[in-house]
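Protein chains in written order, with the working numbering: chain A, 49 to 301; chain B, 49 to 301.
Here it is as structure tokens:
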């Protein structure tokens with residue numbers, strides 16, 4: 049009887065990305081691994097689901113303790129297909145990443161990596177997203193992998209509360225340790241590059257840069273990353289604002 | 049000098065949906081209206097953004113106090129394009145909907161309607177999503193419209209706290225009043241219909257049904273809707289779980 053934990057691995061950069069290969073390698077030390085990941089990059093897909101077209105699944109590999117599938121869906125579709133069709137039972141953990149690029153601050157909202165994690169959490173499974181602050185497709189994940197293992201082991205030991213998952217970001221370069229942090233307030237600005245096509249019609253490319261509303265504030269995820277610490281944000285998927293529910297009781301609808 | 053509020057209207061059912069036409073009609077009573085909405089249905093798109101292809105914008109209409117655009121992007125792309133390219137200044141309000149179908153409970157996570165609202169909120173603009181619990185493309189919005197106006201007027205009068213937006217759902221049929229509620233706990237189950245194509249390859253259609261983890265619990269959005277009340281959930285876009293940050297300080301990383 050196999051009592052190793054069952055770990056579902058996915059990402060949003062696609063099944064061939066270097067980051068997911070690193071994550072698979074680490075996870076195979078801790079349990080049986082099933083990979084269900086998109087067949088092409090799905091960055092920025094958030095918690096999007098595919099409602100208007102059929103989904104396809106292809107098994108790429110199967111060996112003892114390790115199965116790998118790709119799908120044409122979003123990261124959330126991958127998790128749903130795993131839970132509903134591909135796995136015999138719910139996994140013990142869902143892990144997503146390692147993303148090529150940061151998912152700190154409000155990027156948690158847009159991130160396909162974190163979309164998959166939120167989906168796992170919605171089903172009550174302890175779920176963790178890992179991202180490295182380096183967009184290079186050939187980024188060096190060696191230091192990050194050590195901390196993937198350390199965070200995973202702590203989740204395995206302590207569990208996570210219901211409706212809470214983790215958003216873990218690794219700094220590029222040196223790592224001094226781990227800090228538990230909160231989402232930094234900020235926004236994206238000057239987000240489009242306006243161009244004109246050969247037929248004189250305008251089109252827009254997404255671009256822009258991030259504006260940090262609270263630079264150098266301790267306890268924020270960006271502050272930890274700026275100081276070469278791993279940031280771990282516990283993410284709440286009950287979005288209800290209980291404080292505002294109270295104040296809104298005075299509204300005169 | 050025009051001092052009427054500037055209201056950005058969008059949705060996820062597309063610019064031609066009946067629901068957005070109803071919302072535009074109500075909003076024009078309260079301010080100058082700019083519509084920037086998807087040119088085709090974008091249900092289930094959550095907070096997804098388009099990163100891998102250029103976006104197009106087409107102006108469909110312009111008259112005093114009213115401009116309407118369509119784009120090939122997601123609801124969030126529509127809000128970003130409005131804020132960054134199409135409007136001279138930030139709008140005073142972002143409203144999204146009226147969605148054809150419920151966005152109660154955890155559907156707030158998948159909803160393109162609410163994705164646009166979250167994007168408005170991320171930019172600090174008071175933002176409200178409206179959804180009717182009726183998927184009929186020709187649904188009757190008459191009763192819901194009265195409550196769209198009532199909720200909007202209260203937001204205009206009281207404002208909303210930073211990082212908080214509203215998720216408003218209307219019951220189908222009779223409306224008894226408004227309740228301020230929280231997100232019901234639940235999940236989607238049996239989510240795929242597995243079929244085989246003429247070439248003997250499997251494919252999967254998204255389907256399934258919702259399982260309510262706390263039926264008949266007062267104070268939840270689904271309980272309000274089940275009893276023919278409008279549900280108003282204040283939605284928090286700071287996802288940090290502050291309680292868990294405290295408990296995780298005892299973890300031995």
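For glycine and all other residues, C-beta sits at the position ideal for the given N, C-alpha and C.
Original post:
How big is the Cα-Cα spacing for residue 52 of chain A and residue 203 of chain A?
Top reply: Position 4 of the first chain holds residue 52 of chain A. Position 155 of the first chain holds residue 203 of chain A. Their Cα atoms are separated by approximately 15 angstroms.
Original post:
Since residue 231 of chain B meets chain A, which of its residues come closer than 7 angstroms, beta carbon to beta carbon?
Top reply: Taking the second chain and counting its residues from 1, the one referred to as residue 231 of chain B is at position 183. Residues of chain A passing the Cβ test: 286, 287, 288.
**OP:** Check the Cβ of residue 239 of chain A against every Cβ in chain B and list those closer than 7 angstroms, keeping chain order.
**Re:** Working through the first chain from its first residue, we reach residue 239 of chain A at position 191. Those within 7 angstroms of residue 239 of chain A in chain B are 128, 132.
Subject >> Exposed unless 16 or more other CB atoms sit within 10 angstroms - verdict on residue 246 of chain A >> reply: Position 198 of the first chain holds residue 246 of chain A. Residue 246 of chain A is exposed by the Cβ-count criterion.
**OP:** State the DSSP-derived secondary structure class of residue 268 of chain A, mapped to helix, strand or coil.
**Re:** Working through the first chain from its first residue, we reach residue 268 of chain A at position 220. Residue state, collapsed to three classes: strand.
Original post:
Can you check whether the CB of residue 156 of chain A is closer than 8 angstroms to the CB of residue 280 of chain A?
Top reply: Counted from its first residue, the first chain places residue 280 of chain A at position 232. Counted from its first residue, the first chain places residue 156 of chain A at position 108. No; because the gap between Cβ atoms is not below 8 angstroms, this pair is not in contact.
Subject >> Closest residue to residue 185 of chain B among B:119, B:254, B:145, B:94 (Cα-Cα distance) >> reply: Start at 1 with the first residue of the second chain, and residue 185 of chain B comes out as number 137. Taking only the C-alpha atoms, the option nearest residue 185 of chain B is B:145.
**OP:** Could you name the residues of the same chain whose beta carbon sits closer than 6 angstroms to that of residue 241 of chain A, not counting the 5 residues immediately before and after it, in chain order?
**Re:** For this step, residue 241 of chain A is matched to residue 193 along the first chain. Around residue 241 of chain A: 253, 255.
Subject >> Between the CA atoms of residue 278 of chain B and residue 221 of chain B - distance to the nearest angstrom >> reply: By 1-based counting over the second chain, the position of residue 221 of chain B is 173. By 1-based counting over the second chain, the position of residue 278 of chain B is 230. The straight-line gap from Cα to Cα measures roughly 11 angstroms.
Subject >> Partners in chain A for residue 292 of chain B, counting only beta-carbon separations shorter than 7 angstroms >> reply: Start at 1 with the first residue of the second chain, and residue 292 of chain B comes out as number 244. Going along chain A in sequence order, the residues near residue 292 of chain B (Cβ under 7 angstroms) are 209, 212, 282.
Subject >> Cβ neighbours of residue 87 of chain A in the same chain (closer than 8 angstroms, five flanking residues each side left out) >> reply: Taking the first residue of the first chain as 1, we reach residue 87 of chain A at position 39. The residues are 62, 63, 106, 118, 119, 120.
**OP:** Consider the Cβ of residue 49 of chain B: report whether some Cβ of chain A lies at a distance smaller than 8 angstroms.
**Re:** By 1-based counting over the second chain, the position of residue 49 of chain B is 1. For residue 49 of chain B, the predicted model reports a pLDDT of 47, less than 50, meaning its position is unreliable; a value from the coordinates is still stated below. Taking Cβ atoms only, chain A never reaches closer than 8 angstroms to residue 49 of chain B, which makes this a no.
Subject >> Beta-bridge partners of residue 86 of chain A, as assigned by DSSP >> reply: Your numbering for residue 86 of chain A matches position 38 in the first chain. Paired residue(s): A:119.
**OP:** Determine, using beta carbons only, whether residue 97 of chain A and residue 83 of chain A come nearer to each other than 8 angstroms.
**Re:** The sequence position of residue 97 of chain A within the first chain is 49, counting from 1. The sequence position of residue 83 of chain A within the first chain is 35, counting from 1. Result no, Cβ atoms of residue 97 of chain A and residue 83 of chain A do not sit closer than 8 angstroms.
Original post:
Taking 8 angstroms as the CB-CB cut-off, is residue 190 of chain A touching chain B?
Top reply: Start at 1 with the first residue of the first chain, and residue 190 of chain A comes out as number 142. Cβ-Cβ to chain B under 8 angstroms: no for residue 190 of chain A.
Subject >> Cα-Cα separation, residue 80 of chain B to residue 56 of chain A >> reply: Within the second chain, the letter at position 32 stands for residue 80 of chain B. Within the first chain, the letter at position 8 stands for residue 56 of chain A. Each residue's alpha carbon lies about 49 angstroms from the other.
**OP:** Would you kindly work out how many angstroms separate the C-alpha atoms of residue 99 of chain A and residue 123 of chain A, rounded to a whole number?
**Re:** Taking the first chain and counting its residues from 1, one reaches residue 99 of chain A at position 51. Taking the first chain and counting its residues from 1, one reaches residue 123 of chain A at position 75. Roughly 14 angstroms between the two C-alpha positions.
Subject >> Min CB distance residue 97 of chain A to chain B below 8 angstroms >> reply: For the purposes of this step, residue 97 of chain A is taken as residue 49 along the first chain, with counting starting at 1. Closer than 8 angstroms to some Cβ of chain B, the Cβ of residue 97 of chain A qualifies, so yes.
Original post:
What's the gap between the Cα of residue 49 of chain A and the Cα of residue 166 of chain A?
Top reply: Position 1 of the first chain, counted from the first residue, corresponds to residue 49 of chain A. Position 118 of the first chain, counted from the first residue, corresponds to residue 166 of chain A. Per-residue confidence for residue 49 of chain A stands at a pLDDT of 47, beneath the threshold of 50, marking its modelled position as unreliable; the derived number appears in the next sentence. The alpha-carbon atoms of residue 49 of chain A and residue 166 of chain A are separated by roughly 31 angstroms.
**OP:** For residue 98 of chain A, name the three-state secondary structure that DSSP assigns.
**Re:** Locating residue 98 of chain A in the first chain gives position 50, counting from the first residue. In this structure, residue 98 of chain A counts as coil in the three-state DSSP scheme.
Original post:
For residue 158 of chain A, which residues in chain B fall below 8 angstroms Cβ to Cβ?
Top reply: Start at 1 with the first residue of the first chain, and residue 158 of chain A comes out as number 110. The answer, in chain order, is 95, 96, 97, 124.
**OP:** Determine the extent of the beta strand (DSSP E) in which residue 251 of chain A is found, giving its start and end residues.
**Re:** As a position in the first chain, residue 251 of chain A is number 203, starting the count at 1. It spans 250-254 - the beta strand (DSSP E) in which residue 251 of chain A sits, taken as one unbroken run.
**OP:** Starting from the beta carbon of residue 77 of chain B, find every residue of chain A whose beta carbon is closer than 8 angstroms, and list them in chain order.
**Re:** Looking up residue 77 of chain B in the second chain gives position 29. Per Cβ cutoff of 8 angstroms: no residues; residue 77 of chain B is ~17 angstroms from chain A at best.
**OP:** Using beta-carbon positions only, say whether residue 251 of chain B and residue 134 of chain A come within less than 8 angstroms of one another.
**Re:** For the purposes of this step, residue 251 of chain B is identified with residue 203 of the second chain, where counting begins at 1. For the purposes of this step, residue 134 of chain A is identified with residue 86 of the first chain, where counting begins at 1. No, Cβ-Cβ distance for residue 251 of chain B and residue 134 of chain A is not below 8 angstroms.
Original post:
At which residue ranges does the stretch 171-208 of chain B contain complete alpha helix (DSSP H) runs of 4 or more residues, listed in the order of the chain?
Top reply: 190-206
**OP:** For residue 251 of chain A, decide whether its Cβ has a neighbour in chain B, counting only Cβ atoms nearer than 8 angstroms.
**Re:** Position 203 of the first chain, counted from the first residue, corresponds to residue 251 of chain A. Residue 251 of chain A counts as touching chain B.
Original post:
Is there contact between the stretch 262-275 of chain A and the stretch 166-180 of chain A, where contact requires at least three CB pairs shorter than 8 angstroms?
Top reply: no
Original post:
Any Cβ of chain A within less than 8 angstroms of the Cβ of residue 198 of chain B?
Top reply: For the purposes of this step, residue 198 of chain B is taken as the residue at position 150 of the second chain. Yes, contact with chain A.
Original post:
For residue 286 of chain A, which residues from the same chain have a beta carbon less than 6 angstroms from its beta carbon, with the 5 sequence-adjacent residues on both sides left out?
Top reply: Counting from 1 along the first chain, the entry for residue 286 of chain A is found at position 238. Hits under 6 angstroms: 211.
Subject >> Nonlocal neighbours in the same chain, by C-beta distance under 8 angstroms from residue 89 of chain B, ignoring five residues either side >> reply: Residue mapping note: residue 89 of chain B aligns to position 41 of the second chain, counting from 1. These residues qualify, in order along the chain: 60, 61, 62, 65.
Original post:
chain A partners of residue 218 of chain B, CB-CB under 8 angstroms?
Top reply: Walking along the second chain from the start, residue 218 of chain B turns up at place 170. Per Cβ cutoff of 8 angstroms: no residues; residue 218 of chain B is ~13 angstroms from chain A at best.
Subject >> Other residues of its chain near residue 182 of chain B: CB distance less than 6 angstroms, five sequence neighbours each side excluded >> reply: Position 134 of the second chain, counted from the first residue, corresponds to residue 182 of chain B. 220.
Subject >> Short CB-CB distance (under 8 angstroms) between residue 302 of chain B and chain A >> reply: Because chain B is modelled from 49 through 301, residue 302 of chain B falls outside the range shown and cannot be assessed.
Subject >> Chain-order list of residues whose beta-carbon lies under 6 angstroms from that of residue 196 of chain A (same chain, five-residue window excluded) >> reply: The residue given as residue 196 of chain A occupies position 148 in the first chain. Cβ within range, chain order: 74, 178.
Original post:
Which chain A residues sit within Cβ distance under 9 angstroms of residue 67 of chain B?
Top reply: As a first step, residue 67 of chain B is located in the second chain; it is residue number 19 there, counting from the start. None at all; the shortest Cβ gap to chain A is about 17 angstroms.
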